[in-house]
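**Student:**
Numbering (UniProt numbering), first residue to last: 1 to 552.
1) Does the distance from the C-beta atom of residue 463 to that of residue 374 stay below 8 Å?
2) Tell me, which residues are paired with residue 297 by DSSP?
3) Look at the Cβ atom of residue 553, then the Cβ atom of residue 219, and state whether they are nearer than 8 Å.
4) Rounded to whole angstroms, what's the CA-CA distance from residue 263 to residue 295? Just pull it up for me.
5) Can you tell me which of the three DSSP states residue 429 falls into?
6) Could you pull out every unbroken alpha helix (DSSP H) segment of at least 4 residues lying fully inside the region 438–464, listed in chain order?
7) I'd like to check one pair, residue 393 with residue 428: are the Cβ atoms closer than 8 Å?
8) Let me know the secondary structure DSSP gives residue 585 once reduced to three states.
9) Measure from the alpha carbon of residue 117 to the alpha carbon of each residue in 482, 143, 147 and 152, then state which is nearest.
10) Thinking residue 367 and residue 470 are a contact (beta carbons under 8 Å), I'd like their distance in whole angstroms, please.
11) Put residue 410 into one of helix, strand or coil per three-state DSSP.
12) Among 451, 304, 3 and 461, which residue has its Cα nearest to the Cα of residue 385?
13) Identify every run of the beta strand (DSSP E) within the region 462–524, keeping only runs that are complete inside it and at least 3 residues long; order them along the chain.
14) Can you confirm whether the region 493–507 touches the region 223–237 when touching is taken to mean that 3 or more C-beta pairs between the two stretches lie within less than 8 Å?
15) Does the beta-carbon distance from residue 268 to residue 343 come in below 8 Å?
16) Would you be able to state if there are at least three C-beta pairs under 8 Å between the region 348–366 and the region 426–446?
17) Could you tell me whether the region 474–481 touches the region 186–203, using the rule of 3 or more Cβ pairs below 8 Å?
18) Measure the CB-CB distance between residue 64 and residue 47 and report whether it falls below 8 Å.
19) Are residue 297 and residue 339 closer than 8 Å when you measure CB to CB?
20) Buried or exposed: which applies to residue 480, given that a residue is buried once 16 or more other Cβ atoms fall within 10 Å of its Cβ?
21) Among 513, 276 and 134, which residue has its Cα nearest to the Cα of residue 362?
22) In whole angstroms, what separates the C-alpha of residue 260 from that of residue 420?
23) Can you tell me the Cα-Cα spacing of residue 553 and residue 60, whole angstroms?
24) Check whether the region 143–150 touches the region 122–129, counting contact only when three or more Cβ pairs, one atom from each stretch, lie closer than 8 Å.
25) Taking the beta carbon of residue 234 as the centre, do at least 16 other beta carbons fall within 10 Å, making it buried, or is it exposed?
26) Return yes when the Cβ of residue 536 is within less than 8 Å of the Cβ of residue 416, no when it is not.
27) Since residue 304 and residue 506 should fall inside the 8 Å C-beta cutoff, what is the C-beta to C-beta distance between them, to a whole number of angstroms?
28) Taking Cβ positions, are residue 411 and residue 528 nearer each other than 8 Å?
29) Mapping DSSP to helix, strand and coil, what is residue 362?
30) Measuring alpha carbon to alpha carbon, tell me which of 347, 83, 156 and 110 ends up nearest residue 130.
31) Quick one, which of 25, 18, 66 and 545 has its alpha-carbon nearest residue 41's?
32) Within this structure, are the beta carbons of residue 486 and residue 516 separated by less than 8 Å?
33) Rounded to whole angstroms, what is the Cα-Cα separation between residue 109 and residue 76?
34) With a threshold of 16 other CB atoms inside 10 Å of the CB of residue 223, please say whether the residue is buried or exposed.
35) Give me, in chain order, the residues of the same chain whose beta-carbon lies closer than 8 Å to that of residue 398; leave out the 5 immediate sequence neighbours on both sides.
36) Determine the extent of the beta strand (DSSP E) in which residue 228 is found, giving its start and end residues.
In structure tokens, the structure reads:
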């Protein structure tokens, strides 16, 4: 009797659910599925459906509770599929799924495989992806599924900076699915990382043959061309940055874009884009722009405005209160009141007018001026603290972008040990963001380094500018410190990764953006020891240190 009553109630709920789903009545669906999970707590699909509705309502905590319940109940493939589709969209939830390995071991189907893969990638446990995918490839699979698994493995290799293995995976995948446009694109990006630029361009051209307006390809082509010094074509392709990479930063005006027209009697608005380092680099053209005449209104990040106002007293600067890091649903948010102007141009597009050949870069002279009083105070304090010593600033990591980019722009502490052997030298911390853990590790590694609490590179940059000018030299990976030091004319030794950022080109020696910056390219991914040794030799050649240290 009790069983028939329960069955009738379940049937009634089922009918009501069908009606609620037809009418898209989410509240009723939630109420009914909650009731159903209480009546039939072992119904896997009911928990999955309830989790689905809770995810849609952004109630992640309750949704995850029902996900865990569903994945520990008797196996239901439809429930697994529904769960993965939502967890794939709600990436923050994946980090909470510590039981993903257990669930996959219990029922190793495609959905739980994908769930575990996503969890490992989100946790940056990239080395654990390899055995997972290789085991899956042992199973009988279609060519399409094999190709997909090779793509997943390639993505993990990319994050591990195993770029040659990454290239091999994409090439094998394309043998299985030769018309896969995404794999052609991804292979191109991997080929760039190993310096095979002509092959990368060939892959990009294959994509463009079928998708001529593929913004990602055009953006990547710009990077390759600029890296190789093909400036005129590179800057033309660089305009595609607004289609993909900088879509959320684009500004839309009802006034014409400036393309080099005479400016006498006109007002030109130059608006900011990208990060602090880009801002400093593109501003190397500001003096040339002034020579065009007219009225110039130049947008400046708040962190830089006093520094630029001192250096360019005749320019009207418009402060932007955010440097583009404020996010709204993943997009950068800018609020600005624009002045009346006849023309406008984004800062990076100035290069397409002023930097179309190698010769057009000029002498790369310093253009920023530090606060004299602040410089005198910091220099005097350092001389008192470290009498008779040469002051060398170091920055060992950079970048907020991809994990792999951060990894290739990070010098290991073991590689920095050679700097600790320099005689009569004091190392000064120039690293931005939190450094307490790094400084402790450096000291444990026998690398004494001084951290100045009065300097915060993430705040107003006057103190950092004065600090840099108080030093004898700077050694830094590719980050905004290099740009600021170069713009100030400080002798700088830039540690540039194997696949260099486009702005540094392919050559070593003086940068064409800043003549005080010397480029030293790494030749082995994540191993900087030889590069550091070469920098030390150059420090001696330049007279900054007396003698390079001898090997033990």
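A virtual CB, placed ideally from N, CA and C, is assigned to each residue, including glycine. For clarity, every value in this text was computed on a predicted model and none was experimentally measured.
**Tutor:** In brief:
1) yes
2) 269 and 316
3) Any property of residue 553 remains undetermined from this structure, which presents the chain solely from 1 to 552.
4) 8 Å
5) strand
6) none
7) yes
8) It is not possible to answer for residue 585, since the shown part of the chain is limited to 1 through 552.
9) 152
10) That pair is no contact at about 19 Å.
11) strand
12) 451
13) 473–477, 492–496 and 517–521
14) yes
15) yes
16) no
17) no
18) no
19) yes
20) buried
21) 513
22) 50 Å
23) The shown model of the chain, from 1 to 552, leaves out residue 553, and the question about it has no answer.
24) no
25) buried
26) no
27) No, residue 304 and residue 506 are not in contact; Cβ-Cβ is about 29 Å, not under 8 Å.
28) yes
29) coil
30) 156
31) 66
32) yes
33) 11 Å
34) buried
35) 406, 409, 410, 476, 477, 478, 479, 480 and 481
36) Per DSSP, residue 228 belongs to no beta strand (DSSP E) and is neither H nor E.
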